[in-house]
Amino acid sequence: MSGSQELPFRLHEYAWWNLIDLGEMYVTLQAVGWEVMGLGRKTPPVDDKEIAERIANEVFKLILAMKYRYPAKALKILAFLEVGDKRTLRLLVRSVPRAISYLNPQAAAETIMACAKLDIQPEDVFHRVQGWRIYLVLMKKLLPDIGSLTPKMTCDVVAAIAKAGQREYQFVHHVEAAVEQRPFKFHAEHLVSLLRDFAILKQPCPLLRRQLLTRGHELSECTPSGLCALPEALAGHPALPGAEGEDAKEQLLEKAAELLCKPGAYRLPSDGRAFRSKDDFWWEQMRQRHFRLRRKAKDRGHSVAPAPEEEDEEAVQPAVAHVTRQECLQLLTGCAKLDWRHEPLLEGCAAWLCQGRRHAELDPSEVADLLWSYSVLGFTRPLLRAALEHALWPGG
16 MSGSQELPFR
26 LHEYAWWNLI
36 DLGEMYVTLQ
46 AVGWEVMGLG
56 RKTPPVDDKE
66 IAERIANEVF
76 KLILAMKYRY
86 PAKALKILAF
96 LEVGDKRTLR
106 LLVRSVPRAI
116 SYLNPQAAAE
126 TIMACAKLDI
136 QPEDVFHRVQ
146 GWRIYLVLMK
156 KLLPDIGSLT
166 PKMTCDVVAA
176 IAKAGQREYQ
186 FVHHVEAAVE
196 QRPFKFHAEH
206 LVSLLRDFAI
216 LKQPCPLLRR
226 QLLTRGHELS
236 ECTPSGLCAL
246 PEALAGHPAL
256 PGAEGEDAKE
266 QLLEKAAELL
276 CKPGAYRLPS
286 DGRAFRSKDD
296 FWWEQMRQRH
306 FRLRRKAKDR
316 GHSVAPAPEE
326 EDEEAVQPAV
336 AHVTRQECLQ
346 LLTGCAKLDW
356 RHEPLLEGCA
366 AWLCQGRRHA
376 ELDPSEVADL
386 LWSYSVLGFT
396 RPLLRAALEH
406 ALWPGG
C-alpha cells in the first residue's frame with residue numbers, strides 16, 4: 016500500500032465516512048490480503064494492529080456525528096478487527112437502533128454477527144436499551160429478505176443468534192421457507208450447520224431435517240467439521256409425523272462414519288477454496304497449508320484439484336485425525352443422544368483423544384460429557400480410561 020507510511024500521520028484528518036470506508040478495507044485485507052493488479056495473484060493478509068487501534072480511537076471521536084448506516088458499519092469493523100475499548104463499543108451498540116432503517120440485508124446480518132462476536136447478551140443494558148431488543152429489531156429487519164443472503168452468511172447469522180441465545184420463532188420459519196424455496200442453493204454442510212444451531216436454541220426444524228436426509232451424496236464434499244456435527248444436528252430435531260426417515264438416517268450416519276474413519280475414504284482437497292463458502296476454519300487451515308504452493312496452484316488453474324497421490328501419509332489417515340477437540344466431543348455427544356453406536360468411529364475418537372497430550376487439554380465439564388457419551392454407548396478401553404483419569408488429575 017503506497018500510503019501506509021503516511022496514514023498514521025493523516026488518519027485524524029479523515030471524515031467519518033472516509034474513516035469507516037478505510038476500516039472496511041482493513042477488514043478485507045486482514046481476511047484475504049489484496050490482489051496485485053494485472054498479475055493475478057494476492058499478497059498475504061495484512062495485520063496492522065497499530066492502524067486498527069488508531070481507527071478505533073478516531074471512531075470514538077466521531078460516533079455522535081455518524082449518520083445513516085455508518086454506526087452499524089463502525090461496530091462491525093471494530094468487532095471484526097478486535098479493537099476498541101468498552102466505552103467505544105457500548106456507545107456504538109447504543110447507536111445501532113437509529114441506523115437500522117438504512118441497513119440492507121447483508122449489513123443487518125453483519126451487525127448481528129458483530130454483536131455476537133462482542134458477546135452481547137440479551138439481558139445486557141445499553142443506556143435503557145436491552146440487548147434482546149437490539150437483536151430483535153435487527154432480526155425483524157432481516158426477516159423479509161433473508162432469502163437474499165448467501166448460504167454461508169445465513170449459517171453465520173444463525174450461529175451468531177445461537178451464541179447469543181436469542182429466540183425468535185418467526186426467524187426459524189423464514190429460514191425454513193428460504194431453504195424450501197431454493198433447496199439446492201444450500202449444501203448439506205449448510206443444512207447441518209443450521210440444524211445444529213437451531214438445536215442449541217431448542218427450536219425444532221423438521222423440514223430442514225427432512226431436507227438433510229436426502230443429501231447423502233453431498234457428504235463427501237462436506238468438511239470434517241460438518242461430518243462431526245451431523246449426529247448432533249439429527250438428534251436435536253424430531254422427524255415429521257408419518258415420515259419414513261429411519262432408513263435414510265441410518266444410511267446418512269453410516270456414510271458419515273465411513274468418511275471419518277475409513278483411511279483414504281475422505282481426501283482433503285489441495286485448494287482451500289473448496290471450503291471457502293462453507294467453513295471459515297477449514298478454509299483458513301487449507302489456505303495456510305498451501306501458502307507456499309500458490310504458484311503451483313496458479314499453474315493448475317482456478318479449479319479445485321484433489322490432493323496429490325504422492326501424499327501417502329495423508330492418504331491413509333482417517334479424516335477424524337484432522338478434527339479439533341470440540342468437534343470430537345460434539346461427534347461423541349451427538350452419537351450418544353441418538354443412541355447410535357459405531358465401533359470404528361468410537362475407536363477412532365478414542366485413539367484421537369489418547370494421542371499426545373490432547374486428553375490433558377480437556378476441561379472437567381468436557382471429561383464429564385465424554386464419560387457420559389461413552390457410558391451411554393457402552394464403549395470402554397483401558398487406555399481411554401487412563402487418559403480421562405489423567406485429564407482430571409491436578410496438573411496433568
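Everything in the sequence shown is counted per this note's numbering, starting at 16 for the first residue and increasing by one.
In this text, a Cβ means the ideal position worked out from N, Cα and C, and glycines have one as well.
Task: Cβ pair R84, L106 closer than 8 Å - done: no
TODO: Would you kindly work out how many angstroms separate the C-alpha atoms of A322 and L368, rounded to a whole number?
DONE: Here the model assigns A322 a pLDDT of 46, short of 50, so the residue's position is not dependable and the matter cannot be decided.
Task: Best match in L90, K156, T238 and G99 for proximity to M128 [C-alpha to C-alpha] - done: L90
Open item on the list: According to DSSP, is Q300 part of a helix, a strand, or is it coil?
Closed with: helix
Task: Closest residue to L44 among F95, E73, L79 and W32 (Cα-Cα distance) - done: F95
Open item on the list: Between the alpha carbons of K64 and Y150, how many angstroms are there, rounded?
Closed with: 29 Å
Task: At least three beta-carbon pairs within less than 8 Å, the stretch 233-250 to the stretch 192-209 - done: yes
Task: For A193 and P159, the rounded distance between their alpha carbons - done: 10 Å
TODO: Pull up the CB-CB distance for R109 and H142, whole angstroms please, since I reckon it's below 8 Å.
DONE: 5 Å
Open item on the list: Just to confirm the assignment: which complete alpha helix (DSSP H) runs, minimum length 4, are found wholly within the stretch 252-290?
Closed with: 261-276
- [ ] Could you tell me whether the Cβ atoms of L360 and L275 are closer together than 8 Å?
- [x] yes
Open item on the list: Taking 8 Å as the cut-off, does the stretch 380-396 touch the stretch 343-355 (at least 3 CB pairs, one atom from each stretch)?
Closed with: yes
TODO: Leaving out five residues on either side along the sequence, give the residues of the same chain with a beta carbon under 6 Å from the beta carbon of A174.
DONE: D212
Task: Y41 classed as buried or exposed, judged by whether at least 16 other C-beta atoms fall within 10 angstroms - done: buried
Task: Cα-Cα separation between A124 and L153, rounded to whole angstroms - done: 8 Å
TODO: Taking C130 and A179 to be in contact with their CB atoms under 8 Å, please state how far apart those CB atoms are, rounded to whole angstroms.
DONE: 7 Å
Open item on the list: Can you give me the C-alpha to C-alpha distance between E342 and L104, rounded to a whole angstrom?
Closed with: 31 Å
Task: Residue nearest to R373 in terms of C-alpha spacing, selected from L223, E358, A401 and G393 - done: A401
Task: Whole-angstrom distance between T126 and I176, CA atom to CA atom - done: 11 Å
Task: Span separating the alpha-carbon of L157 from that of P120 - done: 6 Å
TODO: Quick one: grab the DSSP three-state call for F95.
DONE: helix
Open item on the list: Check this for me: beta carbons of L399 and V382, under 8 Å apart or not?
Closed with: no
Task: Whole-angstrom distance between M301 and H405, CA atom to CA atom - done: 33 Å
Open item on the list: Give me the DSSP bridge partner(s) of V140.
Closed with: Q145
TODO: Measure from the alpha carbon of T395 to the alpha carbon of each residue in D378, E376, R356 and P379, then state which is nearest.
DONE: R356
Open item on the list: Using the three-state DSSP reduction, which class does Y117 fall into: helix, strand or coil?
Closed with: helix
Open item on the list: Can you tell me whether I161 is helix, strand or coil according to DSSP?
Closed with: helix
Open item on the list: Can you find the residues in the same chain that come closer than 7 Å, C-beta to C-beta, to H317, ignoring five residues on each side of it along the sequence?
Closed with: With a pLDDT of only 41 at H317, under the threshold of 50, the placement of this residue in the model should not be trusted, and no figure is reported.
Task: Buried or exposed by the 16-neighbour rule on C-beta atoms within 10 Å, applied to L407 - done: exposed
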